[in-house]
Amino acid sequence: MPVQIILISFLIFALSRVLLRFRGGQIKSGEFIFWGVLFFLAIIGILFPEETTSIANFLGVGRGVDLVVYVSLVTLFYLVFRVYVLLQDTQKEISEIVREVALRQVKNSAKK
Amino acid sequence: MKTLIVVPAFNEEKSLTRVIKDLKAHGYGNILVVNDGSQDKTKEIAEKSNVAVATHVVNRGLGAAISTGLAFARENNPDVVVTFDSDGQHKAEDIKKLLAPITNNVADVVVGSRLKSNNKNFPLRRLLPILFSNLATFGLYGLYSTDTTSGLRAFHRRAYQKIKLKSDRMEFSNEFFKVFVEQRLRYKEVPIDPIYTGYSLTNSKQGSELFSSLKLGFKLIFDLLR
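Here the protein sequences line up with chains A and B, keeping their order.
Each residue of the first sequence is one higher than the last, beginning at 1 in my numbering.
Each residue of the second sequence is one higher than the last, beginning at 1 in my numbering.
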């Protein structure tokens with residue numbers, strides 16, 4: 001089916017990015033494994049949709065596609081939450097840097 | 001009593017000179033203007049006024065500006081720190097009312113409450129966000145204040161040494177009360193008369209009070225979950 005080709009092409013592209021980022025040292029080995037396994041499983045799921053349905057049936061969900069959607073939604077929400085927390089921490093750090101610079105400047109101008 | 005006045009300022013070129021003059025005229029010469037990444041002439045005006053100026057290179061919000069003021073205080077060790085808005089809504093003569101409970105050693109923290117004043121000209125559209133903020137603060141931290149968003153506050157050394165805020169934006173004013181409770185600081189309120197000039201009412205920072213008070217509920221609850 002054409003949709004399988006499109007999705008798999010995109011996932012292979014995503015996998016290549018993960019590999020490149022890992023080689024470039026921008027992501028750690030844990031992150032490399034997480035994203036690598038995620039995209040790899042997605043490719044398997046697209047190639048063998050019947051298998052996902054049997055897993056879904058085992059878990060009490062009708063179709064494999066539904067199971068994928070449920071799992072994806074939960075994972076996405078969790079990742080958004082993580083990104084939000086990370087962003088808050090980054091904001092806090094920016095403020096600390098800005099404060100440090102501001103206070104040093106006051107000290108310097110007081111010495112003049 | 002050595003008093004440091006912290007004046008957070010974000011784009012306040014129109015009112016800052018008047019605010020600093022008023023403070024100096026009432027004998028409060030030890031002033032730190034925290035210029036929070038202003039795009040206008042706030043920095044130049046503050047520097048010309050012969051006061052200490054701490055400039056945030058980018059805008060970090062009112063909470064961050066106050067935190068910078070408190071950090072400056074911890075380096076310079078005044079007896080009391082007073083936060084004073086730069087938009088001209090406070091009267092320097094009210095500062096002595098805030099200092100009294102600290103001088104008499106009955107409070108570590110004093111907030112100037114606009115709702116306790118006899119001034120009946122309080123704009124209704126300002127009242128609702130304040131009440132909302134007061135209730136949220138009471139619900140979350142168990143301390144009822146008649147004016148949680150007041151910008152006029154005084155902190156004794158015992159208080160400012162302990163106060164480390166996490167919030168950079170408007171919700172910091174509620175976080176203060178959390179710290180007061182946690183650190184068992186003695187809290188008092190005194191009535192102050194706010195000056196609601198056309199300017200301080202149209203100021204964008206003031207107008208955002210309603211929006212920020214709505215955002216606040218979500219934000220505070222989120223921080224509890226973190």
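Don't be surprised by glycine CBs; every beta carbon is placed ideally from N, CA and C.
- If you compare the alpha carbons of B:M1, B:K188, B:S167 and B:L16 with that of E93 (chain A), the shortest gap goes to B:S167.
- At a cut-off of 7 Å between C-beta atoms, F72 (chain B) counts as an interface residue with respect to chain A.
- Neighbours of H56 (chain B) in chain A, taken as residues at a C-beta separation under 7 Å, are given in chain order as V98 and A102.
- Contact of S95 (chain A) with chain B by beta-carbon distance below 9 Å involves H56, R60, G61, G63, A64, S67, T68 and D168.
- The beta carbon of K188 (chain B) lies closer than 6 Å to those of P101, A107 and V110 in the same chain, with the five residues before and after it left out.
- Burial of P8 (chain B) is indicated by the presence of at least 16 other C-beta atoms within 10 angstroms of its C-beta.
- Any Cβ of chain A closer than 7 Å to the Cβ of A52 (chain B) would place that residue at the interface, and such an atom is present.
- The beta-carbon of V83 (chain A) is placed no less than 7 Å from the nearest beta-carbon of chain B.
- Residue-level contact check: V106 (chain A) touches chain B, since one or more beta carbons of chain B fall below 7 Å from its beta carbon.
- Take Q4 (chain A), set aside five residues on each side of it, and the residues of its chain with a beta-carbon closer than 8 Å to its own are I46 and L47, in chain order.
- Short of 6 Å from the beta carbon of T55 (chain B), and not among the five residues preceding or following it, lie these beta carbons of its own chain, in chain order: N35 and K43.
- In the three-state DSSP reduction, S38 (chain B) falls in the coil class, being neither helix nor strand.
- Only residues of its own chain outside the window of five on either side were considered, and among them S86 and G88 have a CB closer than 6 Å to the CB of V19 (chain B), listed in chain order.
- Sequence-distant Cβ neighbours of L11 (chain A) in its own chain, meaning closer than 6 Å and more than five residues away, are F39, A42 and I43.
- Note on geometry: alpha-carbon atoms of D193 (chain B) and Y141 (chain B) lie some 27 Å from one another.
- Each residue's CA atom was taken as its position, placing L131 (chain B) and E175 (chain B) some 16 Å apart.
- Just measuring C-alpha positions, the residue of B:P191, B:K2 and B:M1 sitting nearest K97 (chain B) is B:P191.
- Contact annotation for Q91 (chain A) against chain B: D168 [CB-CB distance below 7 Å, chain order].
- Residue range R153 to H156 is occupied by the beta strand (DSSP E) that includes F155 (chain B), with no alpha helix (DSSP H) assigned at that position.
- The continuous alpha helix (DSSP H) containing P129 (chain B) extends over residues L124 to Y141.
- Across the region 145 to 177 of chain B, CB contacts with chain A closer than 8 Å involve K166 and D168, in sequence order along the chain.
- Membership of V53 (chain B) in the beta strand (DSSP E) is indicated by the continuous run A52 to H56.
- Judged by beta-carbon spacing, F84 (chain B) lies within the 7 Å limit of I5 (chain B), meaning their Cβ atoms are closer than that value.
- Counting along the chain, G112 (chain B) sits inside no alpha helix (DSSP H); it lies in the beta strand (DSSP E) bounded by residues V109 to S113.
- For K14 (chain B), the closest alpha carbon among the candidates B:D40, B:M1, B:V53 and B:R126 is that of B:D40.
- According to the DSSP secondary-structure assignment, T3 (chain B) is paired through a beta bridge with B:V80.
- Under the DSSP definition of a beta bridge, K188 (chain B) partners with B:V110.
- For F10 (chain B), there is no enclosing alpha helix (DSSP H), as DSSP marks it with neither H nor E.
- The criterion of a C-beta distance shorter than 7 Å is not satisfied by A159 (chain B) and V106 (chain A).
- Of the residues assessed, V71 (chain A) falls on the exposed side of the cut-off, its CB having fewer than 16 other CB atoms within 10 angstroms.
- Sequence-distant partners of F180 (chain B) (beyond 5 residues in either direction) whose C-beta falls short of 7 Å from its own C-beta, in its chain, are V109, L143 and Y187.
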